[in-house]
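Protein chains in written order, with numbering that gives the first Met the number 0: chain A, 0 to 211; chain B, 0 to 211; chain C, 0 to 211; chain D, 0 to 211.
C-beta atoms are modelled at their ideal positions from N, C-alpha and C, and glycine is treated no differently.
Treat the numbers as computed from the prediction; the structure is a model and nothing was measured.
Here's the structure, in structure tokens; my notes come after.
Protein chains: 4
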Amino acid sequence: MPTDPTRTRAAEAATTATRILDVAEQLFAERGYAAVSVRDIAGRVGLNQASLYNHFPGKQALYEAVLERGLAPIREILAHGGAQMLTPEGGDRLLERLVDQLWSTPHIPKLVEREMLDDGTWFESLAREWLTPIYEVGRRAMAATSEPSGWTEEELPLVVVGMYHLLFGFFSAAALLRRVIGVDPQAQEMRRIHLDFVKDASRRLMRPGAAT
Amino acid sequence: MPTDPTRTRAAEAATTATRILDVAEQLFAERGYAAVSVRDIAGRVGLNQASLYNHFPGKQALYEAVLERGLAPIREILAHGGAQMLTPEGGDRLLERLVDQLWSTPHIPKLVEREMLDDGTWFESLAREWLTPIYEVGRRAMAATSEPSGWTEEELPLVVVGMYHLLFGFFSAAALLRRVIGVDPQAQEMRRIHLDFVKDASRRLMRPGAAT
Amino acid sequence: MPTDPTRTRAAEAATTATRILDVAEQLFAERGYAAVSVRDIAGRVGLNQASLYNHFPGKQALYEAVLERGLAPIREILAHGGAQMLTPEGGDRLLERLVDQLWSTPHIPKLVEREMLDDGTWFESLAREWLTPIYEVGRRAMAATSEPSGWTEEELPLVVVGMYHLLFGFFSAAALLRRVIGVDPQAQEMRRIHLDFVKDASRRLMRPGAAT
Amino acid sequence: MPTDPTRTRAAEAATTATRILDVAEQLFAERGYAAVSVRDIAGRVGLNQASLYNHFPGKQALYEAVLERGLAPIREILAHGGAQMLTPEGGDRLLERLVDQLWSTPHIPKLVEREMLDDGTWFESLAREWLTPIYEVGRRAMAATSEPSGWTEEELPLVVVGMYHLLFGFFSAAALLRRVIGVDPQAQEMRRIHLDFVKDASRRLMRPGAAT
DNA sequence: GATGAATGAGGATTCATTCAT
DNA sequence: AATGAATGAATCCTCATTCAT
Chain A
0 MPTDPTRTRA AEAATTATRI LDVAEQLFAE RGYAAVSVRD IAGRVGLNQA SLYNHFPGKQ
60 ALYEAVLERG LAPIREILAH GGAQMLTPEG GDRLLERLVD QLWSTPHIPK LVEREMLDDG
120 TWFESLAREW LTPIYEVGRR AMAATSEPSG WTEEELPLVV VGMYHLLFGF FSAAALLRRV
180 IGVDPQAQEM RRIHLDFVKD ASRRLMRPGA AT
Chain B
0 MPTDPTRTRA AEAATTATRI LDVAEQLFAE RGYAAVSVRD IAGRVGLNQA SLYNHFPGKQ
60 ALYEAVLERG LAPIREILAH GGAQMLTPEG GDRLLERLVD QLWSTPHIPK LVEREMLDDG
120 TWFESLAREW LTPIYEVGRR AMAATSEPSG WTEEELPLVV VGMYHLLFGF FSAAALLRRV
180 IGVDPQAQEM RRIHLDFVKD ASRRLMRPGA AT
Chain C
0 MPTDPTRTRA AEAATTATRI LDVAEQLFAE RGYAAVSVRD IAGRVGLNQA SLYNHFPGKQ
60 ALYEAVLERG LAPIREILAH GGAQMLTPEG GDRLLERLVD QLWSTPHIPK LVEREMLDDG
120 TWFESLAREW LTPIYEVGRR AMAATSEPSG WTEEELPLVV VGMYHLLFGF FSAAALLRRV
180 IGVDPQAQEM RRIHLDFVKD ASRRLMRPGA AT
Chain D
0 MPTDPTRTRA AEAATTATRI LDVAEQLFAE RGYAAVSVRD IAGRVGLNQA SLYNHFPGKQ
60 ALYEAVLERG LAPIREILAH GGAQMLTPEG GDRLLERLVD QLWSTPHIPK LVEREMLDDG
120 TWFESLAREW LTPIYEVGRR AMAATSEPSG WTEEELPLVV VGMYHLLFGF FSAAALLRRV
180 IGVDPQAQEM RRIHLDFVKD ASRRLMRPGA AT
């Protein structure tokens, strides 16, 4: 399990385990856990089905390894940068780092969205661990700013969910954007547009709107 | 297929087919297509597995019937109400109707989100049929208002996706809200909070923000 | 069960039971017992699956009714005409009647061939009942004629099987004749050709050949 | 697919695939495709049902492999020996080789007969490929001999079908011979009797009979 | 006599996993 | 580390049959 943050994923040697993780990440993101067979994964890696078990003890473990590898950097960013949200400039820097990270592993936000929909017990612990603190920081952030956000206490959870979707939802909706609206969501210029949009939208959501 | 708009879903006779649709809707939304077995559905309806095939020709057809039944009312609302977006009051009325509808069938937004993630060919036609027109209306709406929205042309698709997630994402994140933040997302008072939030957030997203 | 020999099959009222028998006869002949479903039969008759059980107690019983109806006339002919084989002219008359009968129900020879291949216990009694006597008559016929047939005792069974195939095999090979050789085996003129061929070939088989 | 002609089937290593083919050949011949379940085959081989799919991609593919293995030698004989039919001695040699081959795989003629009855599309290509040329050779053979056969042009197809049944029909009728007439069709002496009969009968059919 | 609905048994096939090589 | 082969459990679906209406 790669936990060394100094080694970027691209620089990792393309070990068999890594190649398995890459393929599994993509397939799990595209189709969901149940719709991906071990045969599919092994086949795409160019491996026999049985060989996969030399690297991971099973399908479930492989899935968790994928999730762990993908979520670790995000957790890192949030753990160290949560306090930045208190100022607009800090918020922007945080968003920049997050958007950067998500764009470097675009399957991960889809996986997270699926986890959320599946309401897996695995997700529960995950969420408790790093979403609750974030939520608290965000809550305090909005309460502490001189300009009030204009949201009531009971609306705050929805604001958090909304912010999450502004960030992650872009990747979930990649197919929609491509097919219906004709945008190419993988184009690198989209990265900048996405970042600008997220920054702007978050300001609109977090500061009082003109129309309230 | 219920097309009579005067008959609400709850008032429908609980025919076997309807009960199958209800159970299937819930399971497909909770676990996704591949993770739901025909046995599961039949079992929950209290039916032999084979009996299900007296009502639907197969799993795929059942899934599509679920989607069709769930999406028809939404399509209806959008088809007749798209033009309302041009004024703030009309937009509010549209949102009211949409939130109402989504709350009456809360599994459906999860199904839509899953469809989007799965990038199914079925979704493609669906999206083309009623998402493209909506997008066009929305685009024109934002261009036509006297106060400009403050978004660039290339950001508009992201605004649409954002709006979608503000509306639908609440249901996808129901588990997160319940488990992490402690909110009960099925409580009826949440319906009002959700509506207020969506109205407010949409104004913030669609009108120029102070911070741009 | 139609046992009245004065009523030809065509003249029978197209009762539901008769229509079922007709469809079943065709399908069983074309595909074999196991490959035909009760649904198939009922469907082609324009009947609900369950309705079929108002006319026949089950699939097996229906099959036996088909066989019985189809074989009764043949059995009749053989029972009354076996002795005719003793003279060439009598043999011809017997063949005429047999070919006539087979052409009036061309699915039946295919059914018989399938029965033979399946080696069904049903076939056993059937064969014992009317094939053994025929065989004995044929044996005596060949032994009694002034001109010896030229066959040894041990070859006689093969001669019988050969005669059977000259008569019945035409219908089994209908597809082959149509597709490979380009003959239309349902054309009525084929009936005469078939009869001539059978008569001629039987003479060749039953009388001493020049080359022995 | 065994293509090495020097290795006889019996000498092949009894690999799992070969054992599956053997069992499948027998069951398909005895009962027909639809009446044989994959479980039956696997069970007789002493294999789990799923293991069979490690050797053949499916039931249909297994069936075709059986047919291919069984028909290849026959095709070979006909392809190389068709011209021999032009002389009586050559014809005898051809028949000897064919009878030899059929007796070495006695299930195959039953399979061919079933294919013919089923009128399968698979059979069509098969027939076109090697039955049409044979038919043409046979036609020319009978037209070329100094002594005319005594058949009319339109009867020729029936002669071909008749010859086919004289050869193959013995195996289809094995049950009939055993049960009704009391002959043991698997006894090796029957092989010689069958060959003699086929040779003699073919002369009778191909040369002018006294009674025409 | 006809039918919609129900069902237990069985159909072919795929699943994740194990193990000897 | 890789693989061919094996397997029990599960997959979706079809089967012949029954029964209340």
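query = Which residues in the same chain as R18 of chain D place their Cβ atom closer than 7 Å to its Cβ, once the five residues preceding and following it in sequence are excluded?
reply = V44
request  = Take V98 of chain D and list the residues in its own chain whose beta-carbon comes closer than 8 Å to its own, dropping the five residues that flank it on each side.
outcome  = L166, R190, H193, L194, V197
request  = Could you have a look at R18 of chain D and say whether DSSP puts it in helix, strand or coil?
outcome  = In the structure shown, the three-state DSSP call for R18 of chain D is helix.
query = Using Cβ-Cβ distances below 7 Å, what residues of the stretch 164-178 of chain A are close to chain B?
reply = H164, L165, G168, F169, S171, A172, A174, L175, L176, R178
ask   = If we cut at 8 Å on Cβ distances, does H222 of chain A have a partner in chain B?
value = The first residue shown for chain A is 0 and the last is 211, placing residue 222 of chain A beyond what the model contains.
ask   = Helix, strand or coil: which one does DSSP assign to V197 of chain A?
value = helix
task = Could you tell me whether any Cβ in chain B is nearer than 8 Å to the Cβ of A78 of chain A?
result = Not one chain B Cβ lies under 8 Å of A78 of chain A.
query = Which residues mark the beginning and the end of the alpha helix (DSSP H) in which W102 of chain C is found?
reply = 87-103
inquiry  = For W150 of chain B, count the other beta carbons within 10 Å of its own beta carbon; 16 or more makes it buried, fewer makes it exposed. Which is it?
reply    = The Cβ neighbour count for W150 of chain B, taken over all protein chains shown within 10 Å, is at least 16; the residue is labelled buried.
query = Using the rule of at least 16 other Cβ atoms within 10 Å of the residue's Cβ for burial, across every protein chain shown, is S103 of chain D buried or exposed?
reply = exposed
task = Report yes or no: is there a C-beta of chain B within less than 8 Å of the C-beta of M0 of chain A?
result = Low confidence applies here, because M0 of chain A scores a pLDDT of 43, under 50, leaving its location unreliable; read the following figure in that light. Output row for M0 of chain A: interface = no.
query = Taking one C-beta from the stretch 47-67 of chain B and one from the stretch 76-89 of chain B each time, how about it: are there three or more such pairs within less than 8 Å?
reply = no
request  = Would you verify that the beta carbon of E112 of chain C is, or is not, closer than 8 Å to some beta carbon of chain D?
outcome  = Taking Cβ atoms only, chain D reaches closer than 8 Å to E112 of chain C, which makes this a yes.
message = Helix, strand or coil for S148 of chain D? Go by DSSP, reduced to three states.
response = Annotated three-state conformation of S148 of chain D is coil, per DSSP.
key: Range of the contiguous alpha helix (DSSP H) that encloses L107 of chain A   = The amino acid at residue 107 of chain A is misidentified as Leu; the sequence shows Ile. Its alpha helix (DSSP H) spans residues 106-117.
task = Tell me where the alpha helix (DSSP H) around R43 of chain C begins and ends.
result = Taken as a continuous stretch (DSSP letters only), the alpha helix (DSSP H) holding R43 of chain C covers 37-44.
Beta-carbon contacts of A200 of chain B that lie in its chain and below 8 Å, excluding the five residues immediately before and after = L165
request  = State buried or exposed for P108 of chain B, treating a residue as buried only when at least 16 other CB atoms are found within 10 Å of its CB.
outcome  = By the Cβ-count criterion, P108 of chain B is buried, with 16 or more other Cβ atoms from all chains shown falling within 10 Å of its own Cβ.
Neighbouring residues, chain C, relative to K109 of chain D (Cβ below 7 Å) = L116
query = Of the choices C:L20, C:E188, C:G137, C:A13, whose alpha-carbon is the least far from that of K58 of chain C?
reply = A check of alpha carbon separations from K58 of chain C across C:L20, C:E188, C:G137, C:A13 identifies C:L20 as the nearest.
request  = For V182 of chain C, go through chain D and note every residue whose CB falls closer than 7 Å to its CB, in chain order.
outcome  = P156
query = So what's R190 of chain D in DSSP terms, helix, strand or just coil?
reply = Helix, per DSSP.
task = For S124 of chain B, count neighbouring Cβ atoms within 10 angstroms of its own Cβ and tell me buried if that reaches 16, exposed if not.
result = The residue in question, S124 of chain B, is exposed, as its Cβ has fewer than 16 Cβ neighbours within 10 Å.
task = Could you say which of B:Q187, B:R178, B:S171, B:I40 lies nearest to L130 of chain A if we only look at CA atoms?
result = Checking every option, the nearest Cα to that of L130 of chain A belongs to B:R178.
message = Using a Cβ-Cβ distance cut-off of 8 Å, determine whether A23 of chain A contacts chain B.
response = No, because no Cβ of chain B sits closer than 8 Å to the Cβ of A23 of chain A.
ask   = Got a sec, what are the start and stop residues for the alpha helix (DSSP H) H164 of chain D sits in?
value = 155-171
ask   = The alpha helix (DSSP H) with A64 of chain D in it runs from where to where?
value = Here the alpha helix (DSSP H) through A64 of chain D covers 58-80.
task = Determine which residues of the stretch 127-143 of chain D have a Cβ less than 8 Å from any Cβ of chain C, and write them out in chain order.
result = Answer in chain order: R127, L130, T131, Y134.
task = Taking the CB atoms as reference points, tell me whether I40 of chain B and G81 of chain B lie closer together than 8 Å.
result = Going by C-beta atoms, I40 of chain B is not nearer than 8 Å to G81 of chain B.
inquiry  = Please classify M0 of chain D as buried or exposed, where buried requires at least 16 neighbouring CB atoms within 10 angstroms.
reply    = Any reading at M0 of chain D must be qualified, since the residue scores a pLDDT of 40, below 50, and its modelled position is unreliable; no value is offered.
key: Assumed close pair R203 of chain C, L204 of chain D - CB separation to whole angstroms, cut-off 8 Å   = 6 Å
message = As a quick exercise: from C:M84, C:V182, C:E114, C:E88, pick the residue whose alpha carbon is nearest that of V159 of chain C.
response = C:M84
query = Can you tell which of C:R30, C:L110, C:M141, C:E152 has the C-alpha that lies nearest to the C-alpha of G119 of chain D?
reply = C:R30
task = Quick one: residues in its chain with C-beta nearer than 6 Å to the C-beta of F170 of chain C, no 5 flanking neighbours on either side, listed in chain order?
result = P105, P108, K109
ask   = By how many angstroms is the C-alpha of N47 of chain B removed from the C-alpha of R213 of chain B?
value = No information on residue 213 of chain B is available, as it lies outside the stretch 0 to 211 that chain B covers here.
task = Look at M115 of chain D and A174 of chain C and say whether their C-beta atoms are less than 8 Å apart.
result = Yes, they are a contact pair.
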